[in-house]
Structure formats: C-alpha cells, structure tokens
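**Q**
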Amino acid sequence: YGYVAPEITESSGLEITEGRHPALEHLVGRDKFIPNSVSFSQKERIFLITGPNMAGKSTYMRQVALIALLAHTGSFVPAKAASVGIVDRIATRVGASDRIGRGQSTFMVEMNEMARILRQSSPASLLIIDEIGRGTSTYDGLALAWAILEDIAERLGCRTLFATHYHELPALEARHSTIRNLSVRS
1 YGYVAPEITE SSGLEITEGR HPALEHLVGR DKFIPNSVSF SQKERIFLIT GPNMAGKSTY
61 MRQVALIALL AHTGSFVPAK AASVGIVDRI ATRVGASDRI GRGQSTFMVE MNEMARILRQ
121 SSPASLLIID EIGRGTSTYD GLALAWAILE DIAERLGCRT LFATHYHELP ALEARHSTIR
181 NLSVRS
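Under the working numbering, the first residue of the sequence shown carries the number 1, and numbering increases by one thereafter.
#1: In or out: LYS57 buried (at least 16 other Cβ within 10 Å) or exposed?
#2: Does the region 108-127 come within contact of the region 72-92, defined as at least 3 CB pairs closer than 8 Å?
#3: Could you tell me if GLU110 is buried or exposed, where buried requires 16 or more neighbouring beta carbons within 10 angstroms of its beta carbon?
#4: Return helix, strand or coil for GLN104, following the three-state DSSP convention.
#5: Looking at the strands, I want to know which residues DSSP matches up with VAL77.
#6: For TYR167, count the other beta carbons within 10 Å of its own beta carbon; 16 or more makes it buried, fewer makes it exposed. Which is it?
#7: How is THR164 classed by DSSP in three states: helix, strand or coil?
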C-alpha cells in the first residue's frame with residue numbers, strides 16, 4: 001500500500017512527509033487522496049489549523065495521530081517518510097456530544113474532557129483538539145479556546161494540532177513563537 005518504516009527517535013519532534021489517512025485513502029482511493037506533511041520541532045510545537053468546513057482539518061489531524069500511533073506499535077505507516085519522537089499519550093477532543101442522562105450539556109462534556117487532557121498531558125504528548133468552545137456563546141468559546149492554547153504554549157509545550165473557526169486565534173502566532181497557523185483550503 002505504499003507504507004514505509006518510520007524512524008522512532010528520542011527527540012521531541014514529529015515529522016511526516018506526504019502522510020495519508022490509512023482508512024480514508026482506502027475508502028476514496030489512493031489516487032484521490034492528497035497527501036499532507038507535518039513537521040513539529042522544538043520551535044514549532046502547536047499548529048493552529050483554520051479553514052472552511054469540510055476542507056479536511058479533522059482528517060489531517062486524525063491522520064497525524066494515526067501515523068504516530070502506528071509508528072509506536074511497530075507498524076509501517078502511510079507516508080513517504082516519517083520520523084516520530086516518543087509520544088507518551090495521544091489525547092483527543094473532537095466532536096460535540098452531550099450526556100443528558102447524566103445531566104451534562106455539550107459544553108460541560110467538552111470542558112470536562114479538556115480539563116482532563118490538560119491535567120494528564122506532558123511535553124511528550126500529542127494533542128488533537130477540534131473546535132473547542134462551540135458548546136457556549138461565541139465570546140465565551142473564544143475566551144476558552146484562547147486560554148487553552150496559551151496554557152498549552154506556556155505550560156505544557158506539547159505537540160498540538162488545534163482546529164478552529166475562531167478567526168481571532170491566529171493572532172496568537174505573533175504572541176507565542178511555538179504557535180504556527182496552518183490554513184486549509186478546500
């Protein structure tokens with residue numbers, strides 16, 4: 001299937017050249033899947049991903065997490081090349097769901113999950129965060145997303161892919177040297 005043996009390193013980097021989503025490329029056909037690359041370094045730890053709905057932000061983030069997981073299990077990976085630094089945990093916050101039977105709104109579920117991720121993660125973690133703050137008002141959601149990104153940048157320093165529709169968040173790139181904005185086009 002065009003997979004390669006990844007290099008596992010003791011560094012804090014994670015570099016994938018022309019990576020592919022292992023399940024999606026089989027579903028749509030490898031010739032229709034456009035490969036994507038990512039390169040985390042000590043300097044660039046957080047990628048803020050912006051772009052329209054259905055442009056591939058979530059697919060890209062899941063692809064990176066799956067390739068890191070496959071590499072750590074000893075598997076070959078769907079990429080042209082991959083060098084994966086040790087990942088002690090992959091933590092994800094994706095989707096909107098509630099737990100009404102337990103008295104938890106979508107917002108409460110989102111905040112509980114995000115709080116657990118921030119408590120349990122370390123600089124060696126890989127975070128996949130998709131659309132934080134959508135379960136509440138626009139300005140409250142923006143404030144939460146902003147604060148979470150700053151906490152990751154200032155305290156955790158872990159590799160993070162953070163998708164958002166908040167057009168104000170790319171301003172953090174100028175405030176934190178570890179944050180870089182990536183824009184997805186459909």
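Even glycine gets a Cβ: it sits at the ideal position worked out from N, Cα and C.
As the structure is a prediction and not an experimental result, all values here were calculated from the model.
**A** Once the coordinates are examined:
#1: buried
#2: yes
#3: buried
#4: strand
#5: VAL4
#6: The question names Tyr, but residue 167 is His in the sequence shown. Result: exposed.
#7: coil
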